[in-house]
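So the structure is just underneath, and the comments pick up after that.
Numbering (the UniProt record's numbering), first residue to last: 1 to 167.
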């Protein structure tokens, strides 16, 4: 993690903390999710962590927080991700009702991201205002794919005899 300067704590959950960071070479602002490896192993969530990495690498979309790189030490796993300067949508909604045009824009961006994920067989399963971030331009970014699921190819295969005919 010598390539990054760690800053303030942005948020935390049961197994991870997210910090503001800066790439020392490029100066780019990033968010760095720091996962406690021992806690994850103790509760058997290593497969879930691997799935989160796979999912984030699979879903490259303008309305999804991008994963730049993953690193690990003996005790920690680090996700270096796009930094969303505007923070959580939750904080914006907590201040009061959104204007209709802004709410519509966010909803359209959310649906674009969700549709993209579903087209790739990815199901987020934890969409809530705390996991919807805003960038410096006010665009929505879906984050936190920790509870996501990947559709199995066997789930997508069906008997062609029972498909409706294509016009």
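Glycine included, every Cβ here is placed at the ideal spot set by N, Cα and C.
None of the values given here were measured: they were computed from a predicted structure.
Asked                                                                                                                                                                     : Found
How big is the Cα-Cα spacing for residue 36 and residue 76?                                                                                                               : 5 Å
With distances taken Cα to Cα, identify the nearest neighbour of residue 141 among 122, 4, 112 and 123.                                                                   : 112
Decide if the segment 51–58 is in contact with the segment 101–110; the criterion is three or more beta carbon pairs, one per stretch, under 8 Å apart.                   : no
Taking DSSP as the reference, what is the three-state secondary structure of residue 105?                                                                                 : helix
Could you tell me the distance, in whole angstroms, from the CA atom of residue 51 to the CA atom of residue 64?                                                          : 16 Å
Which residues in the same chain as residue 80 place their Cβ atom closer than 6 Å to its Cβ, once the five residues preceding and following it in sequence are excluded? : 30, 32, 68 and 69
Is the distance from the Cβ of residue 62 to the Cβ of residue 89 below 8 Å?                                                                                              : no
Here's the rule I'm using: 16 or more other beta-carbon atoms within 10 Å means buried, otherwise exposed. How should residue 146 be labelled?                            : buried
Do you know offhand how far residue 150's Cα is from residue 99's?                                                                                                        : 35 Å
Going by beta-carbon coordinates alone, are residue 34 and residue 78 separated by less than 8 Å?                                                                         : yes
Inspect the beta-carbon positions of residue 148 and residue 114 and report whether they are closer than 8 Å.                                                             : no
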